[in-house]
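**Student:** Each residue of the sequence shown is one higher than the one before, counting from 7 in our numbering.
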Amino acid sequence: MDGIEARCIKDQGKPLDEPEPEKVALSGNGRFADMWQPPYRRRALMLIVFHVFQAIGFFGFGNWLPALLSGQGLSVTHSLGYAFVITLAYPLGPLLFVKFANRFENKWQIVGSALGAMIFGSLFAFQTSAAGLIFCGIMITFCNAWLSFSYHSYQGELFPTNIRARAVGFCYSFSRLSTVFSSLLIGIFLDHFGTPGVLAFIVGSMLIVIITIGRFGPRTRHLALEQIAHR
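1. Closest by CA to residue 144, which one among 197, 160 and 127?
2. Below 8 angstroms CB to CB, which residues in the same chain sit around residue 109 once its five sequence neighbours on both sides are set aside?
3. Tell me the residue span of the alpha helix (DSSP H) that contains residue 17.
4. Starting from residue 170, follow the alpha helix (DSSP H) in both directions and report where the run begins and ends.
5. Going straight from the alpha carbon of residue 204 to that of residue 13, what length do you get?
6. Do residue 130 and residue 142 have their C-beta atoms closer together than 8 angstroms?
7. Can you tell which of 218, 151 and 160 has its C-alpha closest to the C-alpha of residue 59?
8. Quick check: the Cα distance between residue 215 and residue 173, rounded to an integer number of angstroms?
9. I'd like the list of long-range same chain contacts for residue 122, defined as Cβ closer than 6 angstroms, with 5 residues on each side in sequence excluded.
10. May I have the straight-line CA-CA distance separating residue 117 from residue 213, to the nearest angstrom?
11. Drop a sphere of 10 angstroms on the beta-carbon of residue 10, count the other beta-carbons inside from all chains shown, and report buried for 16 or more, exposed for fewer.
12. On the premise that residue 70 lies in contact with residue 119, defined as a C-beta separation below 8 angstroms, what is that separation, rounded to the nearest angstrom?
13. Given that a residue counts as buried once 16 or more other Cβ atoms are within 10 Å of its Cβ, and exposed if not, what is residue 83?
14. Using CA atoms only, rank isn't needed, just tell me which of 21, 51, 8 and 182 is closest to residue 251.
15. Please go through the same chain and pick out, in chain order, the residues whose beta-carbon is closer than 7 angstroms to the beta-carbon of residue 140, but skip the five residues on each side of it.
16. Cβ of residue 196 within 8 angstroms of Cβ of residue 49?
17. Contact defined as beta carbons within less than 8 angstroms: I believe residue 201 pairs with residue 77. What is the distance between those atoms, to the nearest angstrom?
18. In this structure, how does DSSP classify residue 158 when only helix, strand and coil are distinguished?
19. How big is the Cα-Cα spacing for residue 183 and residue 162?
20. Helix, strand or coil, according to DSSP, for residue 23 in the structure here?
21. Do residue 94 and residue 72 come within 8 angstroms of each other at the CB atom, strictly closer than that value?
22. Report yes if the C-beta distance between residue 188 and residue 54 is below 8 angstroms; otherwise report no.
23. Using C-beta distances below 6 angstroms, list every residue in its chain close to residue 40, excluding the 5 sequence neighbours before and after it, in chain order.
24. Since residue 97 is in the alpha helix (DSSP H), which residue starts that stretch and which ends it?
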């Protein structure tokens with residue numbers, strides 16, 4: 007505990023405030039219907055929309071990467087090789103972001119990572135060199151990893167303890183459902199419009215993510231979980 011407090015003091019640059027004991031009211035077992043009461047209904051709908059479109063951006067690029075590279079004129083052998091190099095960024099991304107993961111508002115980290123994926127996704131469509139494709143691919147992968155750990159942390163903060171697991175699980179299930187249909191859509195886009203068409207679809211999905219979280223996501227930084235839940 008002393009080590010944790012020392013790191014917090016170092017991060018904030020000032021002594022910690024004296025702890026103030028707070029009584030926590032026990033609210034009993036939560037029901038599915040509780041998720042649809044204000045203010046949780048708006049948050050649930052926000053997360054459902056978010057998960058439908060973040061899954062398109064996240065899995066649309068990662069799962070279809072070899073096909074997207076092939077659509078840029080690369081051979082199958084080169085596509086698989088480049089895809090292997092790009093996917094190595096997935097475990098490296100969280101390690102690079104760990105230094106500032108908790109220093110900024112989670113909702114703005116989601117917005118920032120989605121914006122980064124949009125920018126590099128747009129650039130990816132115009133790359134013809136190996137270096138350009140690999141660089142943009144790695145940056146998209148970094149942004150997707152940043153998006154992933156940010157929203158997993160954020161969605162758990164939006165609901166009170168008695169319905170948190172149920173609400174988060176229900177909303178998150180829409181990302182799995184989205185993946186089923188988006189895979190079919192991406193195949194159609196790739197067949198008719200090529201890699202630029204697929205990337206336009208992914209970029210548009212990330213734009214919806216930005217608008218949804220940036221406009222409707224509540225602030226959570228420096229607030230206790232139950233404070234957030236009852237705002």
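The beta-carbon is built from N, C-alpha and C at its ideal position, and this holds for glycine as well. All of these numbers come straight from a predicted model, not from anything done at the bench.
**Tutor:** Reading from the atomic positions:
1. 127
2. 17
3. 8-18
4. 170-222
5. 44 angstroms
6. yes
7. 218
8. 19 angstroms
9. 149
10. 9 angstroms
11. exposed
12. Not a contact, Cβ separation roughly 19 angstroms.
13. exposed
14. Residue 251 is absent from the structure shown; the chain starts at 7 and stops at 237.
15. 88, 91 and 92
16. no
17. 4 angstroms
18. helix
19. 20 angstroms
20. coil
21. no
22. no
23. 169
24. 95-103
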